[in-house]
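Keeping their order, the protein sequence lines are chains A and B.
Residues 1 to 208, numbered by our numbering, are exactly what the first sequence covers, in order.
Residues 1001 to 1208, numbered by our numbering, are exactly what the second sequence covers, in order.
Ideal placement from N, C-alpha and C gives every residue a C-beta, glycine not left out.
Note that the structure is a prediction, hence the values are computed from the model and not measured.
Everything on this sheet refers to the single structure shown next.
There are 2 protein chains.
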Amino acid sequence: MKVKKEIIDPSTEEKIKNAARKVFTQKGYAGTKTRDIAEEAGINLALLNYYFRSKEKLFDIIMLESFQEFMRSMISVFNDEKTSLEKKIESMVSNYIDLLIKQPDIPLFILSELRNNPNEIVKKMSLDNNLMKSFFMKQIQQAIKEEKISDISPVHFFMNMMSLTVFPFVASPMLKNLGDLQQKDFDKLMQERKKLIPKWIKATMKVK
Amino acid sequence: MKVKKEIIDPSTEEKIKNAARKVFTQKGYAGTKTRDIAEEAGINLALLNYYFRSKEKLFDIIMLESFQEFMRSMISVFNDEKTSLEKKIESMVSNYIDLLIKQPDIPLFILSELRNNPNEIVKKMSLDNNLMKSFFMKQIQQAIKEEKISDISPVHFFMNMMSLTVFPFVASPMLKNLGDLQQKDFDKLMQERKKLIPKWIKATMKVK
DNA sequence: CATATATTTAAACAAATGATTAAATATATT
DNA sequence: AATATATTTAATCATTTGTTTAAATATATG
């Protein structure tokens, strides 16, 4: 084992990461075999350990990246001091649905892995970006003060926004079955929700 | 291996099932080792196979029961022809939140296992209880016709109800971190939602 | 009580799985 | 070109893991 390579072949390393992202996301950490990743990447099994030392270290990298991607849309929007509360909700929902149509199984991957592991990554990310102290939360508190929206814990509104946006993707296998929907029908509903969810959120915010 | 026992000891069998339910729900199928279950149940490893033949068969039993429990609240409420649409929403949400406070990790268990397996159980259950043909859906369609609620696919309303109710539990590890909440705070919010969600749903139903 | 049947146990097996090794090949450096 | 370094490969290892076996113990039945 060399400590470090002076020159890396990005192609092989990337092939492994891409394969790992795909397989881990589909099957979870425990359900993924290193041989699955090697096969998916079209590389020799030993290369996985050569480039990433262990299954766990590779997983940590993939999880960190997935989590960052999942949070990125939110964070940039939340801390923008120029946009109104309404605009924030609109762009958050729209950004998320676009992301989720492209990568529908990121949330379930993150949430199901989080279940077991009080993951370091999440703790770190949460500290770095304390939601409760974001400009978004200040705007909600201000709107409550001005009696523009109802006096309910702002966390409810955040939960509602995430729930309405993310849950349909998390539950899509069940919802498709229960609702008798094809993928095409499902995607159409999700597109509709881009415009509907902001309206719904605003309506709920006025409920006493 | 005997084909069938004439007399079974319900105590041992139940111990295994209870342990299996706990471990499978926490760690998922792939993450669960038969030895984990045996240890949790306080029984000899071989008894698992003696009573249930294999890990997979035991899992199928647990999954079926969990799924049935998850659907039961919904189905009985949905097909009741005596209650109004409003009352249905209220009792559904309230039933679900009570269930989820007691068993918070059932939904994530079901959804994460469903991700891989286009499970037979779900297909069967869905056929038996076609949501789209339930009395609940007829009531929504009727309300749309009478212009009491907005003309949007009824599936949206169903999604919204499930999202607002179930998602906070599925995402609780993340929400607790992001929202800086203790378990106590979280439970309090969920109790508040029992009354809030029905109001929110009704508000969204009038959004054009 | 004697015998059959059911349950439990410790030990072992076979396959799967994460990781390593040493040799072979490719690539860079002088 | 010669040498050093990096990458790739096939084979192997050590553990883990689901399952089975055969013997021991408990329980029921006649």
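Measuring only between beta-carbons, confirm whether residue i sits less than 8 Å from chain A.
i           : result
Ser-1163(B) : yes
Thr-1012(B) : no
Phe-1167(B) : yes
Thr-1034(B) : no
Met-1092(B) : no
Met-1063(B) : no
Val-1155(B) : yes
Ala-1019(B) : no
Gly-1042(B) : no
Met-1001(B) : Residue placement at Met-1001(B) cannot be trusted, given a pLDDT of 32 that sits under 50; the coordinates are not used to answer.
Asp-1187(B) : no
Trp-1200(B) : yes
Gln-1026(B) : yes
Pro-1104(B) : no
Asn-1160(B) : yes
Ser-1112(B) : yes
Ile-1097(B) : no
Ala-975(B)  : Chain B is shown only over 1001 to 1208; residue 975(B) falls outside these bounds and no answer can be derived.
Val-1122(B) : yes
Val-1023(B) : no
Would residue i and residue j qualify as a contact pair, given that the criterion is a beta-carbon distance under 8 Å?
i           : j           : result
Phe-167(A)  : Met-1162(B) : yes
Trp-200(A)  : Val-1207(B) : yes
Ile-1101(B) : Asp-1187(B) : yes
Phe-1070(B) : Val-1122(B) : no
Phe-1158(B) : Leu-1131(B) : yes
Val-1170(B) : Leu-111(A)  : yes
Pro-209(A)  : Ile-89(A)   : The first residue shown for chain A is 1 and the last is 208, placing residue 209(A) beyond what the model contains.
Asp-151(A)  : Ile-144(A)  : yes
Met-73(A)   : Asn-95(A)   : It should be pointed out that residue 73(A) corresponds to Ser in this sequence rather than to Met. Yes, the pair counts as a contact, with Cβ atoms nearer than the cut-off.
Ile-1016(B) : Leu-1045(B) : no
Lys-194(A)  : Ile-43(A)   : no
Ser-1153(B) : Leu-164(A)  : no
Gly-28(A)   : Ala-1030(B) : yes
Tyr-51(A)   : Thr-12(A)   : yes
If we define contact as Cβ-Cβ less than 8 Å, is residue i a contact residue for chain B?
i          : result
Asp-80(A)  : no
Met-132(A) : yes
Arg-115(A) : yes
Gly-179(A) : yes
Ala-203(A) : yes
Lys-55(A)  : no
Gln-142(A) : no
Leu-175(A) : yes
Glu-69(A)  : no
Ile-149(A) : no
Ala-38(A)  : no
Lys-88(A)  : no
Leu-108(A) : yes
Ile-152(A) : yes
Leu-48(A)  : no
Val-77(A)  : no
Let's test the definition: count the other Cβ atoms within 10 Å of the Cβ of residue i and tell me whether it reaches 16, buried, or not, exposed.
i           : result
Asn-1160(B) : buried
Ala-1019(B) : buried
Glu-1014(B) : exposed
Gly-1179(B) : buried
Asn-1177(B) : buried
Glu-1113(B) : buried
Arg-53(A)   : exposed
Ile-8(A)    : A caution first: Ile-8(A) carries a pLDDT of 43, below 50, which makes its placement in the model unreliable, though a value can still be read off. Exposed, because fewer than 16 other Cβ atoms sit within 10 Å of the Cβ of Ile-8(A).
Ala-41(A)   : buried
Ser-1172(B) : buried
Ser-134(A)  : buried
Lys-1004(B) : Note that Lys-1004(B) scores 39 on pLDDT, short of 50, meaning its location in the model is unreliable and no value can be drawn from it.
Glu-1081(B) : exposed
Report the option in the options whose CA atom is closest to the CA atom of residue i.
i           : options                                               : result
Gln-211(A)  : Val-77(A), Leu-99(A), Glu-146(A) and Gly-42(A)        : No information on residue 211(A) is available, as it lies outside the stretch 1 to 208 that chain A covers here.
Asp-1128(B) : Ile-1152(B), Ser-1172(B), Asn-1079(B) and Pro-1154(B) : Asn-1079(B)
Phe-109(A)  : Glu-65(A), Met-137(A) and Ile-149(A)                  : Glu-65(A)
Asp-1185(B) : Arg-193(A), Ser-84(A), Phe-136(A) and Val-155(A)      : Val-155(A)
Leu-196(A)  : Lys-1195(B), Met-1205(B) and Ser-1091(B)              : Met-1205(B)
Glu-1086(B) : Gln-1026(B), Met-1137(B) and Ala-1038(B)              : Met-1137(B)
Ser-84(A)   : Gln-142(A), Leu-189(A) and Glu-39(A)                  : Gln-142(A)
Phe-59(A)   : Lys-33(A), Glu-81(A) and Lys-82(A)                    : Lys-33(A)
Ser-1091(B) : Gln-1103(B), Glu-1081(B), Arg-1021(B) and Val-1077(B) : Val-1077(B)
Gly-57(A)   : Arg-21(A), Gln-182(A) and Gln-103(A)                  : Just to set this straight, residue 57(A) is Lys in the shown sequence, not Gly. Comparing Cα-Cα distances from Lys-57(A) to each of Arg-21(A), Gln-182(A) and Gln-103(A), the minimum goes to Arg-21(A).
Contact check, residue i vs residue j under 8 Å by CB: the rounded distance?
i         : j           : result
Arg-35(A) : Asp-1105(B) : Contact doesn't hold; Cβ gap of about 30 Å is too wide.
For residue i, is the beta carbon positioned less than 7 Å from some heavy atom of the ligand SAH?
i          : result
Thr-165(A) : Of ligands this structure carries none, so the ligand SAH is not represented either.
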